[in-house]
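Encoded as structure tokens, the structure appears first; notes follow it.
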Amino acid sequence: MNIHMQCNQLLRQALLLYSSSCRRYFGSRGPRNSIAQLKQLGLRVSASHNLHHKDSSFGCCAARAGTTSVRFYGQDERPGQVPKTEGEDQSSGHPRESEAVNAAMTSSLHTLSEEHEPPYAKPARQEASFYELLRACQSPSDILDMAGKYTLTRRRVSNSLSRIWDTIKKMSDDQRCYEKRLIYEHPVFEHLCQKVMQDSQKMRNDDLAYSLLALLKLGVSQQSRVVQTLLRVAQEHLNSFDEKALSILANCLEEMESSMNVDALKSGVRLLVEIRIPEIKNVFALQSMMRCVGKDAPFSLKRKLEEKALSTMHQFSLTNSQHMFTTLAAMKFTSKPLLDICSQKISENMHRIPFWRLVYLLKSCRDLRYHNYTLFSSTGDYLASTFDMWNTKQVVTFLLLFEELGFCHVSLMDTFAQKVMDDSDSLTLKDVLNILKAYSLLNYVPQNHRQKFLESLTNVLETYLHKIIPGELLRAVFSFCLLGHFPQASLDKLLQKEVFDEILYQDPRFSGLNEHMLHYVNLCIQLDCPPISTTTTISPVRPPSLTFNVNSGLHGTLQSILGRGAFQQAVLLDNGYFIDFLITLDKDRKNICSLTQENDTTAHEDYQRVAVLCPSASSFCLGTTQPRGKLAMKMRHLEALDYYTVLVPEHEFAELPEEEKGEFMKKRIFAN
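Spelled out as structure tokens, the structure:
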């Protein structure tokens, strides 16, 4: 028991010394002397200083209270070794006695750490407790209930609002709507808004920006008093905003509608960004400011931001590379160097990108008209290799985006077509319409299962004929016609007078597009000679009025190899098809025939009409010379009208050296 008596004596001395030091805590040497004296008495003291913990979920710094712990060691014990009581050393000892001693020591330590702690430690401990409770809350109501029990400082208000948004942003739309309604009805939320307005002038800039962002995300009206107050205060303090606060403010402004305060703040941010471009170090902050600058920024400012982004490319993470696509899309600025570098990083790490990130990336490529065959191929390869991970709607989403980008990934489309044939009953009407659109406009069907694939889609479509609206029926039939397939039941329903009239006259918004599709459906019925039996025909629909320009480079090449007057240019047929150059040859396609008004070559069997088409790159699938849907249908119809079609891709022809262009055209025109 000697050890216990020594411990109690040491404890009493420590309490006296520590109480004395607490009374002198304003002095500069009091605490240090106390700790030194404790060490002299053989006590081991471990003190942790106040730490500031940065919570990434709502971007704030929370203070953690420092604590002081005291450990007791016997004369023969080493630091780091757990002290043993006498009862533990002897097998025949009394455990209850040792438990009582431990309880007494615990009670003494509790008194030392709480009752005798210096006053300046209490606010820090309370602050840490608030933020720990805030992080533990998992619903907005819990946060508001907890916040109502504390004094709301400026930082607590900002962090509470940010935490509320953090808890609901990953919820479903229905659940989020329900939670927002509970938030608006909670009395503490109104109190938070009042505190934000009262303290906005004294708030730190990042707290001000975070509060504004959280309120906007929670659906508070942009015209509300609290939002307008924060916007005005932000204008006043804009010059003092650092990089972090400015990037948060830029995120807010990106989603806000135009108004007097918003437009003024955006203008101020643009000026400030242009001045501070050399000082920007954080990539996310740079991208936030680029998005805030927006599409209306001067071209010179966009170029400066591009140069800054290129100078920080070595810092780009995979997430930065993804965000650069959406950032440039928000600016409506296509920077090929930036996009090429980001595409390479993304292609190498495709498996680490989630579904919606891939969708946003492809949408940005579409908006920027950026076509990177390697990036799209990597995306398609990844989808095809992990096909079982994706449901039908997800795959269809990618197919539609690929169609808009003009990219045909054969492996993915074959794999999905097989799924359609194996499980067509699971498809909805929307699925069928989107699948038809993607496959028809890309002019692709599985080579070995063409008829089975088209029949599977036809059967599903016919199950919806009783409730399909006329506009959707027209879209489906038009897609089938592009592929050269003519479903009997669907055509019969489309050709009914009431359906036909509703398509043309009921919805003026789509009348032009509907007339365009009806015109080509009519041409398919006339020229493709489908094996269908119908008593009704489509009334003549005027062909779409379009303007065309011939390729001047190709015109010069034809003149050099054929001579003047040996061909016609810009020929528009009665059915609306445009032919860039029309050449008339003999039956063997070796000699050019002169054209006169008296000599009608259209009906003469000894002549061959050659239609030279020079479509742009958008008429072909990306990276190939495979014609897309409308061009493939046009070639099919010209062949039905006894034209021999020579296809000259504009982008390929432009890349040829001048001396090779003539030989290239001779081989195409005079081919056996």
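Once you know that position 276 of the sequence shown is 281 in the working numbering, the rest is easy, because the numbers rise by one and skip nothing. Quick reminder that beta carbons are idealized off the backbone N, C-alpha and C, glycines included.
Note down the Cα distance separating residue i from residue j, rounded to an integer number of angstroms.
i      : j      : result
LEU380 : ILE351 : 8 Å
MET202 : TYR189 : 17 Å
SER252 : MET294 : 6 Å
LYS313 : GLU284 : 10 Å
ALA616 : GLY299 : 46 Å
LYS472 : GLU460 : 20 Å
GLY581 : PRO342 : 41 Å
CYS297 : PRO535 : 55 Å
LEU500 : LYS174 : 49 Å
PHE321 : ALA334 : 18 Å
MET638 : ASN596 : 29 Å
MET355 : ASN210 : 38 Å
LEU478 : ARG455 : 22 Å
ASP268 : LYS368 : 27 Å
GLN452 : ILE282 : 55 Å
ARG181 : LYS498 : 43 Å
SER340 : GLU408 : 23 Å
GLN199 : GLY634 : 60 Å
ASN256 : PHE485 : 45 Å
TYR449 : CYS413 : 8 Å
ILE611 : CYS626 : The identity of residue 611 in the sequence shown is Asp, whereas the question assumes Ile. Distance between the alpha carbons of ASP611 and CYS626 is about 36 Å.
GLU665 : LYS672 : 11 Å
MET318 : SER383 : 22 Å
CYS533 : LEU523 : Reading off the sequence shown, one finds Asp at residue 533, where the question assumed Cys. Cα-Cα distance, rounded: 15 Å.
For residue i, which residues from the same chain have a beta carbon less than 6 Å from its beta carbon, with the 5 sequence-adjacent residues on both sides left out?
i      : result
SER348 : ASN377, LEU380
HIS656 : ALA622
LEU310 : MET295
PHE583 : PHE553, LEU577
GLU279 : LEU306
LYS185 : GLY224
Is DSSP giving residue i helix, strand or coil here?
i      : result
ASP212 : helix
GLN227 : coil
PRO303 : coil
LEU618 : strand
ALA571 : coil
PRO632 : strand
GLU119 : Because the pLDDT at GLU119 is just 37, under 50, the model does not fix this residue reliably, and the point stays unresolved.
LEU344 : helix
TYR469 : coil
PHE421 : helix
THR156 : coil
THR397 : helix
ILE686 : The structure shown does not extend to residue 686, since the chain is modelled only from 6 through 677, so no value can be given for it.
THR650 : strand
ILE148 : helix
TYR612 : strand
PHE407 : helix
ASP533 : coil
ILE285 : coil
PHE583 : strand
ILE351 : helix
PHE669 : helix
PHE412 : coil
ASP591 : strand
ILE169 : helix
Our contact map puts residue i next to residue j with C-beta atoms below 8 Å; I'd like the distance itself, whole angstroms only.
i      : j      : result
LEU220 : ALA152 : Between ALA152 and LEU220 the Cβ distance is about 15 Å, and since that is not below 8 Å, they are no contact.
LEU417 : LEU388 : 5 Å
ILE169 : LEU223 : 7 Å
ALA290 : GLU248 : 5 Å
SER216 : VAL274 : That pair is no contact at about 17 Å.
LEU270 : GLN240 : 6 Å
HIS642 : LEU528 : 6 Å
Excluding five sequence neighbours on each side, which residues of the same chain lie with their C-beta closer than 7 Å to the C-beta of residue i?
i      : result
LEU187 : PRO145, SER146
LEU563 : PHE572, PHE586, MET670
Enumerate in chain order the residues of its own chain whose CB-to-CB distance from residue i is below 8 Å, with the five nearest sequence positions on each side excluded.
i      : result
ILE358 : LEU323, GLN327, ILE351, LEU366
ASP345 : ASN377
VAL238 : SER205, GLN206, MET208, LEU213
VAL504 : PRO475, LEU478, LYS498
CYS679 : Residue 679 falls outside the range modelled here, since the chain spans only 6 to 677, and no answer is possible.
MET176 : GLU184
Would you say residue i touches the ligand GDP, meaning its beta carbon is less than 6 Å from a heavy atom?
i      : result
GLU507 : Of the ligands one can find in the structure shown there are none, so the ligand GDP has no counterpart to examine.
Does the count of Cβ pairs from the stretch 585 to 592 and the stretch 610 to 630 closer than 8 Å reach three?
-> yes
Should the stretch 647 to 663 be regarded as contacting the stretch 434 to 445, the criterion being three or more beta carbon pairs within less than 8 Å?
-> no
Check whether the stretch 416 to 436 touches the stretch 388 to 402, counting contact only when three or more Cβ pairs, one atom from each stretch, lie closer than 8 Å.
-> yes
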